[in-house]
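Asker: Before I ask anything, here is the structure I am working with.
In this note's numbering, the protein residues as written are 5 to 163.
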């Protein structure tokens with residue numbers, strides 16, 4: 005039987021995690037964005053041959069903030085269940101931009117995104133057993149990751 009005296013500590017710890025994860029989503033978006041700051045019209049990325057399905061750059065600026073918002077909402081609601089995997093996926097998420105854009109290493113970035121997919125499939129599975137709404141809010145992120153993996157693979161293949 006749990007110690008009654010430890011209950012306030014556990015409650016406080018769970019509440020901290022509830023607010024910490026959405027804050028980490030914001031930090032991740034900033035860290036990932038910093039890797040993109042120096043991308044200009046004459047950059048390495050612009051010279052790559054891309055898939056015909058590669059959207060224009062402004063689309064990423066619309067989609068990612070929406071996905072980060074959805075991730076923050078889900079992490080706030082499900083922090084107790086997913087926090088370990090969620091923090092790991094945030095690290096991999098931020099790392100992808102640095103690996104791909106800053107270090108110009110699409111093959112290593114692909115490995116990163118494969119790990120992201122595996123971890124996020126596990127998170128989605130946990131969310132499905134927790135809440136249909138949270139599952140539905142997180143699903144667009146996973147679908148976008150699959151699309152990003154496709155784009156990453158196409159850049160490797162075409163270049």
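Positions of the beta carbon are idealized from the N, C-alpha and C atoms, including for glycine.
#1: Leaving aside the five residues before and after residue 109 along the sequence, list all residues of the same chain whose C-beta is less than 6 Å from its C-beta, in chain order.
#2: May I have the straight-line CA-CA distance separating residue 56 from residue 50, to the nearest angstrom?
#3: Indicate whether residue 120 and residue 78 have their beta-carbon atoms separated by less than 8 Å.
#4: Does residue 83 pass the burial test, meaning 16 or more other C-beta atoms within 10 Å, or should it be called exposed?
#5: Can at least three beta-carbon pairs, one atom from the region 58 to 71 and one from the region 115 to 133, be found at a separation below 8 Å?
#6: Let me make sure I understand the geometry here. Which of 60, 47, 72 and 117 has the alpha-carbon closest to that of residue 29?
#7: Which word fits residue 62, buried or exposed, when buried means at least 16 other C-beta atoms lie within 10 angstroms of its C-beta?
#8: Are residue 53 and residue 163 closer than 8 Å when you measure CB to CB?
#9: Locate the alpha helix (DSSP H) running through residue 150, then write down its first and last residues.
#10: Rank 135, 93 and 105 by C-alpha distance to the C-alpha of residue 145 and give the top, closest one.
#11: Just checking residue 145 against the ligand ZN - is the residue's beta carbon closer than 7 Å to any of the ligand's heavy atoms?
#12: Considering just the uninterrupted stretch of the alpha helix (DSSP H) at residue 104, what are its terminal residues?
#13: With a threshold of 7 Å on Cβ separation, who are the neighbours of residue 152 within its own chain once the five nearest residues in sequence on each side are excluded?
Answerer: Well, looking at it:
#1: For residue 109, where only same-chain residues beyond five positions count, the Cβ hits under 6 Å are 103.
#2: So the alpha carbons of these two residues sit roughly 14 Å apart.
#3: No. Outside cutoff.
#4: Buried, by the Cβ-count rule.
#5: These segments do not touch.
#6: Nearest to residue 29 by C-alpha distance, out of 60, 47, 72 and 117, is 72.
#7: By the 10 Å Cβ count, residue 62 comes out exposed.
#8: Yes, Cβ-Cβ distance for residue 53 and residue 163 is below 8 Å.
#9: Boundaries of the alpha helix (DSSP H) around residue 150: 136 to 162.
#10: For residue 145, the closest C-alpha among the options 135, 93 and 105 is that of 93.
#11: Absence of the ligand ZN from the depicted structure is noted, as is the absence of any ligand whatsoever, leaving it without description.
#12: Looking at the DSSP string, residue 104 is not in any alpha helix (DSSP H), and its letter there is neither H nor E.
#13: 117, listed in sequence order.
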